[in-house]
Amino acid sequence: MAHSLPPFRLWSSTASSTPLVPVRLDGGPTIWCKLEFLNPSGSTKDRIASFILAKAWRTGRVSEGSRVVEASSGSTSIAMAMVCAQLGLKFTAVMPEGVSSERSKIIRAYGGKVTHSPRDQGIFGALDEARRLADETGAFLPLQFENPDNAEAHRVCTAREIILDLPGGTPDAVVSGVGTGGTILGLYLGFRDHGCAAKPYVARPIRRDESGVFSDAECASASSMIPGVVEQVSKLYKPEELEGLEILDIHDRAALECARQLIRCGFPVGPSSGLNFLAALEAAAQLGDAARVVTVFPDRMERYFSTALFDET
Ligand code: PMP
């Protein structure tokens, strides 16, 4: 006989302070890595989901039973689904067809709904469908690609934790790939709030196949091997607003191999962590081994069992 419990609710945020660990290369630099995959739903997106939904709750934009709709092919939907479950909100994720079934299952397990948008329209089709649904139902749209509170979450939480945990001074450089741009912008601004002008580096995946390297910007940033890092969609990321910004092109296959190496070293990370780590090494090569270079490991390897990350090499 199936047992069911009476409803219960968790009344505090589970997005947590994550460890900042030094990863030291033999005879080379140390990279300070923020283990964001240790957030409870498995990614750094718990930060923005908690921050945005807590604010929406405080300001009366949502209350018990309200619906939240978000367009995302990955971690943000899962984080939103988890926080909605905690707050007693209903959740619908709009994802392009073809996204792995594990993701839909996780969202449904949290009590969320999954709606699919046409595969060939990618994330833009998902955004259109999310807006349409919200118009129809009055649902709250977090809009991670344009909501300044995305960056604000990293500015007031993630950046502050890094400043508190980094021994021997403030960071000299901060390195991240761009999806929504919330991580790089929030960390950059948060470090400035603490009087620290860390040099920003954006890690940009370059797609490579047997015929060589595609260097035009569209191909470069659309590398499907590094899910979550597609900067064209973001309305938050404005390169001209990041003083001293340097863009580092990283081959996606190298990023993937680096992620595998990080896994072999005991970090259960996804592809974008490999991208960030390789770019951080390049930043350290530019700035010298003594520089304090900070990056993030955004999510966990378990989301990628059916992808190239786990292909036999
Ligand atoms: N890595 C992964 C796995 C992601 O899902 C994302 C965001 N979509 C990023 C990196 C990039 O982070 P941000 O959105 O803060 O730019």
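Our numbering puts the first residue of the sequence shown at 1192, with every later residue one more than the last.
Glycine included, C-beta positions come from ideal geometry on N, C-alpha and C.
Length of the line joining the Cα atoms of residue i and residue j
i     : j     : result
A1450 : I1417 : 10 Å
A1272 : D1217 : 41 Å
S1232 : F1282 : 15 Å
R1299 : A1344 : 26 Å
L1469 : I1297 : 30 Å
T1498 : L1334 : 27 Å
R1494 : S1268 : 13 Å
M1492 : G1461 : 4 Å
E1352 : L1226 : 12 Å
I1354 : T1361 : 6 Å
S1463 : G1279 : 31 Å
E1422 : F1228 : 21 Å
P1430 : D1384 : 19 Å
C1453 : G1465 : Reading off the sequence shown, one finds Leu at residue 1453, where the question assumed Cys. The straight-line gap from Cα to Cα measures roughly 7 Å.
H1307 : L1324 : 12 Å
I1243 : V1253 : 11 Å
S1295 : S1264 : 10 Å
E1320 : G1479 : 47 Å
P1213 : E1261 : 34 Å
P1210 : S1195 : 36 Å
G1359 : S1208 : 20 Å
E1255 : A1284 : 18 Å
V1424 : G1316 : 11 Å
G1386 : I1441 : 30 Å
S1406 : E1448 : Because the pLDDT of S1406 is 40, which lies under 50, any placement of that residue in the model is unreliable, and the question is left without a value.
E1327 : S1234 : 30 Å
T1349 : V1366 : 14 Å
G1303 : F1382 : 35 Å
R1215 : G1329 : 50 Å
S1292 : E1437 : 36 Å
E1473 : A1481 : 13 Å
L1500 : L1378 : 27 Å
R1398 : G1251 : 44 Å
D1443 : R1310 : 22 Å
R1322 : D1502 : 36 Å
V1347 : P1459 : 26 Å
Q1477 : T1374 : 22 Å
K1426 : V1305 : 24 Å
R1249 : G1435 : 37 Å
G1457 : N1230 : 17 Å
I1314 : Q1277 : 26 Å
Distance CB(residue i)-CB(residue j) smaller than 8 Å
i     : j     : result
N1467 : A1364 : no
Y1301 : G1372 : no
A1446 : P1396 : yes
P1391 : L1433 : yes
R1455 : W1223 : no
S1257 : K1236 : no
C1275 : V1290 : no
F1336 : A1247 : no
P1339 : Q1312 : no
L1318 : A1342 : no
L1376 : V1485 : no
V1487 : V1420 : no
P1220 : A1389 : no
A1245 : A1270 : no
Endpoints, beta strand (DSSP E) assigned at residue i
i     : result
L1211 : L1211 to R1215
I1222 : T1221 to K1225
E1261 : R1258 to A1262
P1287 : K1281 to P1287
K1304 : K1304 to S1308
T1486 : V1484 to V1487
Limits of the unbroken alpha helix (DSSP H) element including residue i
i     : result
P1462 : P1462 to L1478
C1275 : S1266 to L1278
R1455 : D1443 to R1455
S1208 : Looking at the DSSP string, S1208 is not in any alpha helix (DSSP H), and its letter there is neither H nor E.
S1295 : S1292 to A1300
A1321 : G1313 to T1328
P1339 : P1339 to A1344
D1237 : K1236 to R1249
Practice item. At 4 residues or longer, and completely inside the stretch 1352-1397: list those alpha helix (DSSP H) runs for me, N to C. Key: Secondary structure remark: continuous alpha helix (DSSP H) runs of at least 4 residues inside the stretch 1352-1397, in chain order: 1373-1384.
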